[in-house]
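Numbering (the numbering used here), first residue to last: 659 to 870.
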């Protein structure tokens, strides 16, 4: 390499090196050192966005299921066409504390799901964020426990309404209150579907956090 010629590139810094064979010049050919730094941003993974989209779809489905369960149970009542002078045969959900707890739990879960939608959208826009995803994981786990407890308590009452219990001298009432039993049974099924969706939401959040 000749000392009078040197090539320069954009972002490069010439570094002089002493040439021991040259007596007429104290400077040697320039060796180019590349100090250019390229900013490298890790690309947003497509599967993380897919997890965020799946999360919000599941939340909408859970809203529908929990609202359907709360509405079906909360509007359930049946009055038999025959009655006596002192008694009127009527069945309502608030006659049983388990059904009342069922309505409150499913309505609370539905309200939480509505409030969680903005955080789910944030997880789609910024899939690498950890705080929002961790918060959703914690509250989804609480909602699973609440919905499962309410659905299980109501299911036990529905079972007794259909089959009764001869040992406890509890008679089955679904032969008379058939419409009432059909509605509460549908509400319990919808609540268990909501609980299953919550379990899937917990798994989705756990996978997203694991990949971070």
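Ideal Cβ placement from N, Cα and C applies to all residues, glycine included.
- Annotation: the continuous alpha helix (DSSP H) that includes residue 764 extends over 755–783.
- Non-local C-beta neighbours of residue 804 in its own chain, meaning closer than 8 angstroms and more than five positions away in sequence, comprise 763, 766 and 767, ordered along the chain.
- Close CB contacts of residue 752 within its chain, under the 7 angstroms cut and outside five residues either way in sequence, are with 758 (chain order).
- When DSSP reads this structure, residue 827 sits in no beta bridge, so it has no partner.
- Between the region 819–834 and the region 782–797 there are fewer than three inter-stretch CB-CB distances shorter than 8 angstroms, so the stretches are not counted as touching.
- Around residue 711, the same chain offers 782 as residues with beta carbons nearer than 7 angstroms, after the five sequence neighbours per side are excluded.
- For the pair residue 853 and residue 799, the CB atoms are not nearer than the 9 angstroms cut-off.
- Here residue 785 is buried: its Cβ has 16 or more other Cβ atoms, across all protein chains shown, within 10 Å.
- Under the three-pair Cβ rule at 8 angstroms, the region 830–838 does not count as touching the region 719–727.
- Under the three-state reduction of DSSP, residue 736 is assigned to strand.
- Between the region 855–866 and the region 815–822, the count of C-beta pairs closer than 8 angstroms stays below three; the two stretches do not touch.
- Proximity to residue 801 across 749, 709 and 717 peaks at 717, based on C-alpha coordinates.
- Proximity to residue 841 across 754, 735, 709 and 861 peaks at 735, based on C-alpha coordinates.
- The beta-bridge partner set that DSSP reports for residue 749 consists of 736.
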